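**Q** What follows is a single structure, and I will ask about it in a moment.
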Amino acid sequence: MTHATMTHAAHDEHPTWLRRWVFTTNHKDIGTLYLVFAALMFVFAGSQAMAFRLELFAPGIQFIDPLAFNQFVTIHGLVMVFGAVMPAFAGLANWLIPMMIGAPDMALPRINNWGFWILPFAASLLLLSIVVPGTPEAGWTMYPPLSIVGSSGKVQLGGDLLIFAVHLLGMSSILGAINIIVTILNMRAPGMSLMKLPMFCWAWLITAFLLIAAMPVLAGGVTMLLTDRHFGTSFFDAAGGGDPVLFQHIFWFFGHPEVYIIILPAFGIISHIVPAFSRKPLFGYASMIYALVGIAFLSFIVWAHHMYTTGMPLAGNLFFMYATMLIAVPTGVKIFNWVSTMWKGSLSFEAPMLCALAFIMIFTVGGFTGMMLAMAPADYQYHDTYFVVSHFHYTMGISAIYAIVGAIYFWLPKWSGRLYDERLARIQFWISIVAVNVTFFPQFFLGLAGMPRRIPDYALQFADFNMLSSLGAWVFGSAQLLFLYIVLKTVFAGRRTAEARVWDGATGLEWTLPSPAPYHSFATPPVVH
Amino acid sequence: MSGQPHSYYLPEPSPWPFIGSFGLFFTLGGLALLVNDISGAPYVMGFGFVVLLVMLFGWFGTVIREGESGRYSEQVDRSFRWGMAWFIFSEIMFFAGFFGVLFYARMYSVPWLGGLGEKLSTHTLLWPGFEAVWPLLTLPSADGYTEALEPMGAWGLPAINTLILLSSGVTVTAAHWGLVHANRRQLIVGLALTVAAGILFVVLQGVEYIHAYRELGLKLTSGIYGSTFFMLTGFHGFHVTLGVIMLAVILFRAMAGHFTPDSHFAFEAVAWYWHFVDVVWLLLFVFVYWL
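Here it is in structure tokens:
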């Protein structure tokens, strides 16, 4: 594919300490910052999940009162989405895109650094909102009126800190997205046409577009919450001619693209790992791209499938039902293409491949339950039950985690020049894949049987499955600590490798660079034929 | 090293992004304290804002110096252009959200409260006496709100403001022509006229707000009509103000001899931005004031 190996010794001197980690303009350092931040937030939000699974272990109220329970799930959702998963994918984008397209760095390095550094400050506002009066409790979806007056009946500081945290998170995402789009459009090596672009870059190109289109709408929505809270506007109050359901429309106009923002980069990663360990090129490259574009387009016209039970007119429910079902077509294209890539391939099952296979199966479960939820009449039964909780954890929670973990196993040897412990990684994988299904699969049945979400107590008949789910959750959570240990062990004490192409089946420009990759990826642009 | 090295300009480590994030934290954190009437809030916010200003001067100063010293290749210039275009797209989506709210209120929430279609029971159970009209002056329940006496007309100041903003689009284009034809006088005069038009627009908008509050009784707290009116025109006015500041910076740079006929990205970025606020205003004029 390319002929671009060169001597790099002279290019590896880099700034130190403050200038390297705070003032940095280097895509690899910023990528590392994003990934470390994501890991910290993941542990934080994960420990909250451990805590409320403790409460849910048995019926009755034992440890967490109902109000605190709602605060826990609210912060868990917000931090996982905005603090853990999105930054993790942004970190991967930073590390990989310049290496994949043959660029020296990202197109706008200072903007890149700004996009990262807003995050810790946004997270600080979010975490401060927990300790001041008026801790957010309306769920990550922030529906009014609860997000306006709060359960105390008062408008208090916590809600405002959350609103401004969301503003900052949105800003960070938009800056990051602009930088990624510009990099992909403007920094590709000579000869790399868009139809030769690696799938991860394609996935991020579309994701970045979704971010730029969806995030400002959320910013507008929470601004209206702010003015309704403090300045007497009536956007979400029927007494003044507004409508609380209007916020749900705004939120899900952002929120539905948001779930694709989380999952499209994962699609991109899987499209790299599956071919590498099947030792075959990706099946249906072009159709994969069209499927991404199709999913992105549909993501903007399906939002109200989150709102079937709000009393929308029948025509609305029908439109959103049919539009939602259409998503199964491009998504099915992707699943079938990954499976076809493996067909008659020379398969091997190293940790990244295990994660990719887990992703495909878990995402398929999430996708099929999504079809069940998409049916408006059926959704009347499933709405706001644990069926929904399990569904979205399968689609955008666990599957995103497996894509990220798989990506780290796959590319970490390239980044660090060190090999991870394959045996430990496989042990970690099998513990966590069993545990995660023990956690979430019973929740489908709890939901079908009618257990509502966001309630710390439940009827006795749900006790067994909840106990099972909690046990699974604690094992899964502990297994993630083992994953973090594997990563740290690799980075600081892993066996060194000088192999450029770490995996024999891997293709792409990043595998032509030496391991570890030089500080400025491609000082000389490679030529792609 | 072998082959042709990259000519793409990669900046040295820079403190400005971190300082900017630090400033944003205190500005928005301070604002959160301020809206909750917590003492000391103005100082927190003021501190953050000063940090933000320092960041803007420092960062833009660096970029301007780099640009004027000719370190930006054509490829870097393209990055800036794409970047600005996508930034404006994000702004368009921000306004699209507020327009969506306006249309939802006019097409759905207000008519539904008046009993349209399947929502007859909403009407009869909640506020049976409510009549759905737009502009909405009499609210379903005025408790906690201040009802407006009269709606804002379209053909007084708003129409004049439309003319002013459209003319400013012409003057900024004239300035651009001056720039590409190396006519610095036309550039400076065109920019100065555009800045003047922008300031005039903002001042007239202020006069109109005073008129709304004093004579029409139309306030931010006048229900959904007042909410959408002031939020849409307010955010637009804020963007015009930013645009004026940006244009003024470009004007000073033009007077200082910056920009050449074939390298003047900053000018074009600001001109794009100005056309963007212009187009938003046209939509506002049609859907908020006129129809």
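Chains as they are written, first to last, in my numbering: chain A, 520 to 1048; chain B, 4 to 294. Backbone N, C-alpha and C define an ideal beta-carbon position, used for all residues, glycine too. Please read these numbers as outputs of a predicted model, since none were measured by experiment.
Is F770 (chain A) near the ligand MG - that is, is its Cβ less than 7 Å away from at least one heavy atom of it?
**A** Judged by which ligands are present, the structure shown has none, so any question about the ligand MG falls away.
**Q** S93 (chain B) and W636 (chain A) look like a contact to me (Cβ under 8 Å); what is the Cβ gap, rounded to whole Å?
**A** So it is not a contact: roughly 19 Å between Cβ atoms.
**Q** With a Cβ-Cβ cutoff of 8 Å, do G760 (chain A) and A108 (chain B) count as a contact?
**A** Yes, the Cβ-Cβ distance between G760 (chain A) and A108 (chain B) is below 8 Å.
**Q** Let me make sure I understand the geometry here. Which of A:M826, A:Y809, A:K1008 has the alpha-carbon closest to that of Y662 (chain A)?
**A** Comparing Cα positions, the closest option is A:M826.
**Q** How far does the alpha helix (DSSP H) with M599 (chain A) in it extend, from its first residue to its last?
**A** Counting along the chain, M599 (chain A) falls outside any alpha helix (DSSP H), and DSSP gives it neither H nor E.
**Q** Would E1029 (chain A) be called buried (16 or more neighbouring beta carbons within 10 Å of its own) or exposed?
**A** Answer is buried; the Cβ neighbour count reaches 16.
**Q** Y276 (chain B) to P606 (chain A), Cα distance in whole Å?
**A** Whole-angstrom Cα-Cα distance: 29 Å.
**Q** Out of A:W723, A:L987, A:D903, which one is the CA nearest neighbour of A500 (chain A)?
**A** An answer regarding residue 500 (chain A) cannot be provided, because it is not within the stretch 520 to 1048 covered by chain A.
**Q** Identify which residue in B:W85, B:Y75, B:S144, B:R217 has its Cα closest to the Cα of V701 (chain A).
**A** Ranking B:W85, B:Y75, B:S144, B:R217 by Cα distance to V701 (chain A) puts B:W85 first.
**Q** What is the DSSP secondary structure of P154 (chain B), counted as helix, strand or coil?
**A** Here P154 (chain B) sits in coil by DSSP.
**Q** What residues match up with S266 (chain B) in a beta bridge as DSSP calls it?
**A** Answer is B:T263, bridged to S266 (chain B).
**Q** By the DSSP assignment, the alpha helix (DSSP H) with H470 (chain A) in it spans what residues?
**A** Because chain A is modelled from 520 through 1048, residue 470 (chain A) falls outside the range shown and cannot be assessed.
**Q** Does chain A have any CB closer than 8 Å to the CB of T224 (chain B)?
**A** At least one chain A Cβ lies under 8 Å of T224 (chain B).
**Q** Give a yes or no on whether the minimum CB-CB distance between M743 (chain A) and chain B is below 8 Å.
**A** Closer than 8 Å to some Cβ of chain B, the Cβ of M743 (chain A) qualifies, so yes.
**Q** Nearest-angstrom Cα distance between F819 (chain A) and S1040 (chain A)?
**A** Answer to the nearest angstrom: the Cα atoms are 36 Å apart.
**Q** Per DSSP, what are the beta-bridge partners of R937 (chain A) in this structure?
**A** Its beta-bridge partners are A:R1015.
**Q** Just to confirm the assignment, what range does the alpha helix (DSSP H) spanning P784 (chain A) have?
**A** Where P784 (chain A) is concerned, the enclosing alpha helix (DSSP H) stretches over 763 to 797.
**Q** For G100 (chain B), report the span of its alpha helix (DSSP H) as first-last.
**A** First-last of the alpha helix (DSSP H) with G100 (chain B): 77 to 107.
**Q** Looking at the C-beta of G759 (chain A), does it have a partner C-beta in chain B at a distance below 8 Å?
**A** At least one chain B Cβ lies under 8 Å of G759 (chain A).
**Q** Quick one: what does DSSP say T958 (chain A) is sitting in, helix, strand or coil?
**A** Reduced to three states, the DSSP call for T958 (chain A) is helix.
**Q** Quick check on DSSP: helix, strand or coil for P639 (chain A)?
**A** Residue state, collapsed to three classes: helix.
**Q** Comparing the C-beta of R74 (chain B) with each C-beta of chain A, is any distance below 8 Å?
**A** No, because no Cβ of chain A sits closer than 8 Å to the Cβ of R74 (chain B).
**Q** Please list the residues of the region 15 to 30 of chain B that have a C-beta atom closer than 8 Å to any C-beta atom in chain A, keeping them in chain order.
**A** Answer set for the region 15 to 30 of chain B: E15, P16, S17, P18, W19, P20, F21, G23, S24, F25, L27, F28.
**Q** Less than 8 Å between C-beta atoms, sequence neighbours within five positions excluded: which residues of the same chain meet that for S76 (chain B)?
**A** Around S76 (chain B): S10, Y11, Y12.
**Q** Do L765 (chain A) and S112 (chain B) have their C-beta atoms closer together than 8 Å?
**A** It is a contact, given that the beta carbons lie within the stated cut-off.
**Q** What do you get for R539 (chain A), buried or exposed, if any count of 16 or more other CB atoms within 10 angstroms of its CB means buried?
**A** Its Cβ having fewer than 16 others within 10 Å, R539 (chain A) is exposed.
**Q** Would you list the residues sitting across from G282 (chain B) in a DSSP beta bridge?
**A** Per the sequence presented here, residue 282 (chain B) reads as Val, with Gly not at that position. None, per the DSSP bridge assignment.
**Q** Quick test of the definition: if touching needs 3 or more C-beta pairs under 8 Å, does the region 172 to 190 of chain B touch the region 258 to 267 of chain B?
**A** Judged by Cβ distances under 8 Å, the region 172 to 190 of chain B makes contact with the region 258 to 267 of chain B, as three or more pairs qualify.
**Q** To which residues of the same chain is W89 (chain B) closer than 6 Å at the C-beta, ignoring the five residues directly before and after it?
**A** Contacts found: none.
**Q** Compare the C-beta of V685 (chain A) against all C-beta atoms of chain B and say whether one is closer than 8 Å.
**A** Cβ-Cβ to chain B under 8 Å: no for V685 (chain A).
**Q** Note down, one range per segment and in chain order, each alpha helix (DSSP H) of at least 4 residues found wholly within the region 178 to 223 of chain B.
**A** Counting only runs of 4 or more, we get 187 to 214.
**Q** Among A:S692, A:D762, A:L704, A:P709, whose alpha-carbon lies nearest the alpha-carbon of L737 (chain A)?
**A** Out of A:S692, A:D762, A:L704, A:P709, A:S692 has the C-alpha closest to the C-alpha of L737 (chain A).
**Q** Are the CB atoms of Y899 (chain A) and T843 (chain A) nearer to each other than 8 Å?
**A** Not a contact, by the Cβ cut-off of 8 Å.
**Q** Ignoring anything shorter than 4 residues or poking outside the region 109 to 179 of chain B, list the alpha helix (DSSP H) runs there in chain order.
**A** Segments of the alpha helix (DSSP H) lying fully in the region 109 to 179 of chain B: 113 to 116, 123 to 128.
**Q** So is T544 (chain A) in contact with chain C if we call contact Cβ pairs under 8 Å?
**A** Among the chains of the structure shown, chain C does not appear; the protein chains present are A and B.
**Q** Between B:G209, B:S230, B:M249, which lies nearest to A757 (chain A) when the distance is taken from Cα to Cα?
**A** Measuring from the Cα of A757 (chain A), the nearest candidate turns out to be B:S230.
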